[in-house]
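> Encoded as structure tokens, here's the structure I'll be asking about.
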Amino acid sequence: MSPRLAWILIATFALPALALAQAEQEVVKAIHARLEALRRNDLATWATLVADDMMAPLEGATGSKQSWLAQHKAWPREVTYRYGPLQDVKVRINGDTAIVTYHSDQLTEVGGQSTSSHRWQIETHLRRSGRWLLLGVADGLIPPEPKAAKIDSSV
């Protein structure tokens, strides 16, 4: 095989795979940036990482992004909302659209009291002007494993 043919084959098969892997990393980086802005209660930065036409279960008379921002702006500054480490992250990209799934603890603290739930997150991202933006999101509770019951053998 000629060196030129070898380079053509490499360019044909390897370079698209590298570009895809890089795009997947960019999507995950955008998710981390959005969640870090959320942890800091930096709504201005969060808004730059979310598409104006985002759709989520909060959708009502106003769009999801606007509803989400209004809800979080109404919270006292003492409320913190954050995610634990992302687990089992999977990214699928088709052109300028990415679907991402992961699960994580979602933690809320109010006045020194913490609550948490473990949830699946399913997100749709769209690449606009070279940036990955959250376009759609849904999550679902992952219930905790049941605790084994102790049975009194004398009964």
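267 is the number that my numbering gives to position 41 of the sequence shown; each next residue is one higher, with no gaps. Quick reminder that beta carbons are idealized off the backbone N, C-alpha and C, glycines included. As the structure is a prediction and not an experimental result, all values here were calculated from the model.
Are the C-beta atoms of K376 and some chain C residue less than 9 Å apart?
This model lacks chain C altogether, as it is built from one protein chain only.
> Is the beta carbon of A249 closer than 9 Å to that of I325?
Taking the sequence shown and counting its residues from 1, one reaches residue 325 at position 99. Taking the sequence shown and counting its residues from 1, one reaches residue 249 at position 23. Contact: no.
> Alpha carbon to alpha carbon, what distance is there between L269 and A374?
Numbered from its first residue, the sequence shown carries residue 374 at position 148. Numbered from its first residue, the sequence shown carries residue 269 at position 43. Answer to the nearest angstrom: the Cα atoms are 42 Å apart.
> How far does the beta strand (DSSP E) with W346 in it reach, from first residue to last?
Position 120 of the sequence shown, counted from the first residue, corresponds to residue 346. Run containing W346: Q339 to R354, per the beta strand (DSSP E) assignment.
> Per DSSP, E335 is paired with what?
Here residue 335 refers to the residue found at position 109 when the sequence shown is read from its first residue. Partner(s): T306 and S340.
> If you pair each beta-carbon of the region 329-344 with each one of the region 299-318, do three or more pairs fall below 8 Å?
These segments touch.
> In three-state terms, what does DSSP make of K373?
As a position in the sequence shown, residue 373 is number 147, starting the count at 1. DSSP places K373 in coil when its eight states are reduced to three.
> Using the three-state DSSP reduction, which class does W272 fall into: helix, strand or coil?
Against the sequence shown, residue 272 aligns to sequence position 46. The answer is helix: DSSP assigns W272 an H, G or I state.
> Strictly by DSSP, which residues pair up with V317?
Numbered from 1 along the sequence shown, position 91 holds the residue referred to as residue 317. According to DSSP, which records beta bridges pairwise, V317 is partnered with V326.
> Any idea if R266 is buried or exposed, counting beta-carbon neighbours within 10 angstroms, 16 or more meaning buried?
One-based indexing of the sequence shown puts residue 266 at position 40. Exposed, since its Cβ has fewer than 16 Cβ neighbours within 10 Å.
> Cα-Cα, which of P369, S293, E262 and D279 is closest to S343?
Here residue 343 corresponds to residue number 117 of the sequence shown, with the count starting at 1. Comparing Cα-Cα distances from S343 to each of P369, S293, E262 and D279, the minimum goes to P369.
> Is it true that the CB of R260 sits closer than 9 Å to the CB of L275?
For this step, residue 275 is matched to residue 49 along the sequence shown. For this step, residue 260 is matched to residue 34 along the sequence shown. Cβ distance < 9 Å, so L275 and R260 count as in contact.
> According to DSSP, is A364 part of a helix, a strand, or is it coil?
As a working mapping, residue 364 is identified with position 138 in the sequence shown. A364 falls in the strand class under three-state DSSP.
> For the putative contact between Q347 and D365, defined by C-beta atoms under 8 Å, what is the C-beta separation to the nearest angstrom?
Locating residue 347 in the sequence shown gives position 121, where the first residue counts as 1. Locating residue 365 in the sequence shown gives position 139, where the first residue counts as 1. Contact flag correct, Cβ pair sits at about 5 Å.
> Quick check on A359: does DSSP put it in helix, strand or coil?
Translated into positions along the sequence shown, residue 359 becomes position 133. For clarity, residue 359 is Leu in the given sequence; the question names Ala instead. Three-state result, L359: strand.
> For A247, name the three-state secondary structure that DSSP assigns.
Along the sequence shown, read from residue 1 onward, the residue named residue 247 stands at position 21. Looking at A247 - three-state DSSP - the assignment turns out to be helix.
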